[in-house]
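Novice: FYI, the numbering for the sequence shown is 114 to 175, going by the working numbering.
The beta-carbon is built from N, C-alpha and C at its ideal position, and this holds for glycine as well.
Here it is: the structure, laid out below.
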Amino acid sequence: MKTVQPPPPAQTLTVYEQRLLSAYRRMDAESKLDLQAIADCYAREYPHRHAPVLRLLIGGAK
114 MKTVQPPPPA
124 QTLTVYEQRL
134 LSAYRRMDAE
144 SKLDLQAIAD
154 CYAREYPHRH
164 APVLRLLIGG
174 AK
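This is the structure:
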């Protein structure tokens, strides 16, 4: 029988991640797309370092 693992607790954002997310929210649409592409590549290249803010950017943070 397979045991179901609960999801990991949500990570809090570091000060730098909060600043990046805040700046992202103020960017124009073209800059947001550029940053999303960079975040996506970074997440694929370094999956073990996939920070919460990268998941937000890739998901299209509002």
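1) Check whether the Cβ atoms of ALA100 and LEU167 sit closer than 7 Å, and answer yes or no.
2) For ALA156, which option in LEU170, TYR129, SER144 has the closest C-alpha, if you only look at C-alpha atoms?
3) How many Å lie between THR125 and ARG132 at the Cα?
4) How many whole angstroms separate the CB atoms of LEU148 and TYR159, which I take to be in contact at a CB cut-off of 8 Å?
Specialist: In brief:
1) Outside the displayed range of the chain (114 to 175) lies residue 100, so it cannot be described from this structure.
2) As a position in the sequence shown, residue 156 is number 43, starting the count at 1. Among LEU170, TYR129, SER144, the Cα nearest to that of ALA156 belongs to LEU170.
3) Translated into positions along the sequence shown, residue 125 becomes position 12. Translated into positions along the sequence shown, residue 132 becomes position 19. Between THR125 and ARG132, the C-alpha separation is close to 13 Å.
4) As a working mapping, residue 148 is identified with position 35 in the sequence shown. As a working mapping, residue 159 is identified with position 46 in the sequence shown. LEU148 to TYR159, Cβ: 16 Å. No contact.
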